[in-house]
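Here's the structure we're looking at; comments come further down.
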Amino acid sequence: MTQGEPPLWAPWYGIPFPKAFTRFWKKYVRFDGRASRSEFWFWALWWAIGNIVTGTIDTAIGGSDSNVVGGLWALATLVGFIALTVRRLHDVNMSGLLALLFIIPPVGAVFALVIGLLTSVPAGTRFDEPHRG
Numbered sequence: 049m050t051q052g053e054p055p056l057w058a059p060w061y062g063i064p065f066p067k068a069f070t071r072f073w074k075k076y077v078r079f080d081g082r083a084s085r086s087e088f089w090f091w092a093l094w095w096a097i098g099n100i101v102t103g104t105i106d107t108a109i110g111g112s113d114s115n116v117v118g119g120l121w122a123l124a125t126l127v128g129f130i131a132l133t134v135r136r137l138h139d140v141n142m143s144g145l146l147a148l149l150f151i152i153p154p155v156g157a158v159f160a161l162v163i164g165l166l167t168s169v170p171a172g173t174r175f176d177e178p179h180r181g
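Here this note's numbering is used: the first residue of the sequence shown is 49, the next is one more, and so on.
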């Protein structure tokens with residue numbers, strides 16, 4: 049942890065774009081704590097960039113029918129995105145179980161947009177676990 053960087057159990061409001069990438073991987077399987085809007089949206093942007101890069105690689109190596117690299121990217125980021133979504137739900141003081149709404153494709157996309165836009169709720173601190181570091 050560097051100076052000014054909050055512990056992993058705490059949300060990082062106003063996180064710089066490059067730090068959002070590394071923080072995502074550091075908190076990959078952490079379903080405790082909270083995630084700020086900037087953590088959520090900056091990761092969504094990193095994910096989109098990853099999709100563009102992997103799509104370009106897939107097209108270059110196998111034509112339009114290939115999706116091997118993109119599929120690996122999607123699998124590699126799936127659990128982390130679920131964990132990030134749970135932490136974002138915690139930041140708006142909602143149960144992480146609501147992340148199950150992503151199982152329903154059209155509902156999941158709208159739900160991601162909504163929770164990404166909601167402001168933090170102070171009562172969400174009940175999900176913090178400072179003892180975990």
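Yeah, the Cβ is synthetic: ideal placement off N, Cα and C, and Gly gets one too.
Do the region 99 to 107 and the region 115 to 124 meet, that is, are 3 or more Cβ pairs less than 8 Å apart?
Contact between the region 99 to 107 and the region 115 to 124 is present, because at least three Cβ pairs lie under 8 Å.
If you follow the alpha helix (DSSP H) that Arg174 is part of, which residue opens it and which one closes it?
Careful: Arg174 lies outside any alpha helix (DSSP H) and carries neither H nor E.
Leaving out five residues before and five after Phe156 in sequence, what residues of the same chain have Cβ atoms less than 8 Å from its Cβ?
For the sequence presented, residue 156 should be read as Gly rather than Phe. Answer for Gly156: Leu149 and Phe150, listed in chain order.
Over what stretch of residues does the alpha helix (DSSP H) that includes Pro154 continue unbroken?
Looking at the DSSP string, the run of the alpha helix (DSSP H) that includes Pro154 is Pro153 to Leu165.
For Val127 and Leu145, I'd like the C-alpha separation in whole angstroms.
Those two C-alpha atoms are separated by around 14 Å.
Within the chosen definition, does the region 53 to 68 reach the region 80 to 88 through at least 3 CB pairs nearer than 8 Å?
They touch, by the three-pair rule.
For Phe65 and Phe90, what's the separation of their Cα atoms in angstroms?
When rounded, the distance between both Cα atoms is 6 Å.
Run the CB neighbour count on Leu132, radius 10 Å, all protein chains shown included, and call it buried at 16 or more, exposed below.
Per the 10 Å Cβ criterion, buried.
Quick check: what's the CA-CA separation for Ala124 versus Ala171?
Going by the C-alpha atoms only, they are around 32 Å apart.
Return helix, strand or coil for Trp9, following the three-state DSSP convention.
Limits of the chain in this structure are 49 at one end and 181 at the other, which puts residue 9 out of reach.
Which residues bound the alpha helix (DSSP H) around Leu126?
Leu126 -> alpha helix (DSSP H) spans Val116 to Asp139.
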